[in-house]
Structures are given as structure tokens and as C-alpha cells.
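Each remark here refers to the structure printed beneath this line.
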Amino acid sequence: MDLDKREVFDNFKYISYAAFKSLGKLPKPNSTEDMEYLREHAKPGAAHEPENAARSPYVVFFSYEWRGKTSVPYGERDDSKGSQYKGMIDAIQLLLVSPPELTDTTNLSEDRIFMWLDVASIDQINQEPGAQDRGVSALPLVIALCNTMISLVDDTYFARAWCAVEVLVMQSLLSYGHHRHLEHQRLAGTVQGRLVPSDRLAEVRDVAVNDMKYLLTKPEDRASIRFLARQSELLARDVLRKVT
Numbered sequence: 001m002d003l004d005k006r007e008v009f010d011n012f013k014y015i016s017y018a019a020f021k022s023l024g025k026l027p028k029p030n031s032t033e034d035m036e037y038l039r040e041h042a043k044p045g046a047a048h049e050p051e052n053a054a055r056s057p058y059v060v061f062f063s064y065e066w067r068g069k070t071s072v073p074y075g076e077r078d079d080s081k082g083s084q085y086k087g088m089i090d091a092i093q094l095l096l097v098s099p100p101e102l103t104d105t106t107n108l109s110e111d112r113i114f115m116w117l118d119v120a121s122i123d124q125i126n127q128e129p130g131a132q133d134r135g136v137s138a139l140p141l142v143i144a145l146c147n148t149m150i151s152l153v154d155d156t157y158f159a160r161a162w163c164a165v166e167v168l169v170m171q172s173l174l175s176y177g178h179h180r181h182l183e184h185q186r187l188a189g190t191v192q193g194r195l196v197p198s199d200r201l202a203e204v205r206d207v208a209v210n211d212m213k214y215l216l217t218k219p220e221d222r223a224s225i226r227f228l229a230r231q232s233e234l235l236a237r238d239v240l241r242k243v244t
């Protein structure tokens, strides 16, 4: 394993569902209190490994649109009603009662569920040259280290470039047969919804080239979107080589 990948594994941190529920909101990068909570509860993956493999952590990657103010430093993940946080809680509760064919595991319980959060694992405030690039380049491996991606889908989710490229990466990984991608589709006027398997590869394949279709808060992020789209193409080609 090269040093860059080793660093991703070493820094792959996730937070337990119980700790996430206790926090009661999506953490804000500019909140000292929130960041201290994450430092206490977001641990490297190895720290969560149980002696019994049947009780291994089930890690969920949430893909969602930032709903808060983009004018504040580092952005805000949620709106004033906590809609995205509540959607995540509802999605996990639905996951817990889902059949094994949807989750690809058995005996799923709250104590097995952990969550990868960008704000907990990527230094959002680090202005060191190259820091953000390293975070972006690691995203495909981070997604691969999770069991399941849950997309919080609403009317604008697939119009956001970052959401679409995360979907593209996971949809490319599905061909390996080791992951699940689910959509939390909200019922009108509520944060509650339903979980359904996602099949969107054809829909988001143009995220690297269709600048008019996919929106970005920061236009300078377009280069990162194109880079990740190229990485997903390499993942898909690797699968094709193995099955042909």
C-alpha cells in the first residue's frame, strides 16, 4: 500500500450512531463545541474493531446537499429546521428494519452502525496548500471503505455537482459486489421517507462535462468534480477488465 493510501486508512474516522444522535444536529466546522465533540467521539476505524467479526461496524456514508448558509466561513450543512440531520436519523431507523438483501448484512443493530461525516474526518478549516486537494483525491477510497452510501434525495439533490459525483463514484463501485447504495426519498412536506436501492449510473455519467446541468457554490470546484469523475471511470474499467 502506498503512503497516500496508508494515510487515508489511518485517518479514516467514523462516529457511532449513538454519538450522532446525542449530538442532536449536524456539526458546524466553525463551532468549537461541535469540533470538540467530534474529536472525542470520531475515532479511527481500527479503534472500533470488535473481537467478534459478526459484530463488525457497519459504516454509512451520507451524501447530501448542504442546506445552510454558504456565506458563513466554511459553510453550514443544515437549515434552521435541522432537515438534513432529521433525514439522516430517519434513514438509519429505516435501515435498521430493512431486509438483509437491502443492507447486505444480518443482525444489524444500532450499536453496529457508524457514520462517516466529512466534517469529522476532513479538516474543513485547513488552509495549508494542497490540503483540500488531498481530501478530494481520497474520496473514492473513503467511499470504498464504507458499507453503504445513503443519498438524501430531494428535488435538487441530483442537480448539485458534489452530490452527483459522489453518486457516480459509488455507482461505479457497485459493480464489485461489496457495497450498497440506497436513496432516502422524502415524502412531500416531511423529513420522513423511504429507502430504495439506487440505480443512477446512466443519469450522472455526464457530471464531468455538463456544467449547465450540475450546480456548484464555488465554480473553482469544477476541476475537482472532473478529477473524481475520471477516477470513477477508472473504477468501472477495472471491473470490466475483470469480467471480460
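Mapped onto the UniProt record's numbering, the consecutive letters of the sequence shown carry residue numbers 1 to 244.
Here a beta-carbon is modelled for each residue, glycine too, at the ideal position from N, C-alpha and C.
Keep in mind that this is a model prediction, so the values were computed, not measured.
Nearest candidate by alpha-carbon position, reference residue i, set the options
| i | options | result |
| --- | --- | --- |
| Asp206 | Ala188, Phe12, Arg226 | Arg226 |
| Ser56 | Trp66, His181, Ile113 | Ile113 |
| Thr148 | Ala164, Ala161, Leu195, Leu187 | Leu195 |
| Ser83 | Glu76, Arg67, Gln93, Ser98 | Arg67 |
| Leu182 | Ser31, Glu33, Ile92 | Ile92 |
| Ile150 | Tyr176, Asp199, Glu233 | Asp199 |
| Ser178 | Gly87, Tyr14, Ser31, Asp104 | Note on identity: in this sequence residue 178 is His, with Ser being the wrong assignment. Residue Asp104 is the option with its Cα nearest to His178. |
| Lys213 | Val169, Gly24, Val165 | Val165 |
| Val60 | Leu228, Tyr14, Glu76 | Tyr14 |
Same chain, Cβ closer than 6 angstroms to residue i, five either side skipped, listed in chain order
| i | result |
| --- | --- |
| Thr106 | Pro100 |
| Leu145 | Phe12 |
| Val119 | Pro27, Pro29 |
| Val153 | Glu183, Gln185 |
| His48 | For His48, the predicted model reports a pLDDT of 49, less than 50, meaning its position is unreliable; a value from the coordinates is still stated below. Closer than 6 angstroms at Cβ, skipping near neighbours: Pro57. |
Sequence-distant residues of its chain with Cβ nearer than 8 angstroms to residue i (five each side left out)
| i | result |
| --- | --- |
| Arg230 | Ala208 |
| Cys163 | Ser63, Tyr64, Glu65, Ser151, Tyr157 |
Buried or exposed (CB count within 10 angstroms, at least 16 for buried), residue i
| i | result |
| --- | --- |
| Arg39 | exposed |
| Lys21 | exposed |
| Lys218 | exposed |
| Ala138 | buried |
| Gly189 | exposed |
| Ser224 | buried |
| Leu26 | buried |
| Asp90 | buried |
| Gly193 | buried |
| Ala159 | exposed |
| Asp78 | buried |
Close Cβ partners of residue i (< 7 angstroms) along its chain, the five nearest in sequence each way excluded
| i | result |
| --- | --- |
| Glu110 | Tyr17, Ala18, Leu96 |
| Gly24 | none |
Boundaries (first-last residue) of the alpha helix (DSSP H) holding residue i
| i | result |
| --- | --- |
| Lys21 | 17–23 |
| Val204 | 201–204 |
| Ser83 | 83–96 |
| residue 292 | Since the displayed the chain opens at 1 and closes at 244, residue 292 lies outside it and no answer follows. |
| Leu38 | 32–41 |
| Thr105 | That residue, Thr105, is in no alpha helix (DSSP H); it is neither H nor E in DSSP. |
Run of the beta strand (DSSP E) containing residue i, from where it starts to where it stops
| i | result |
| --- | --- |
| Tyr58 | 58–63 |
Neighbour flag for residue i against chain E, beta carbons, 7 angstroms
| i | result |
| --- | --- |
| Asn147 | Going by chain labels, chain E is absent from the structure shown, which holds only one protein chain. |
Item to complete: Mind listing, in chain order, the continuous beta strand (DSSP E) runs of no fewer than 3 residues lying wholly within the stretch 146–194?
Response: 148–153, 180–186
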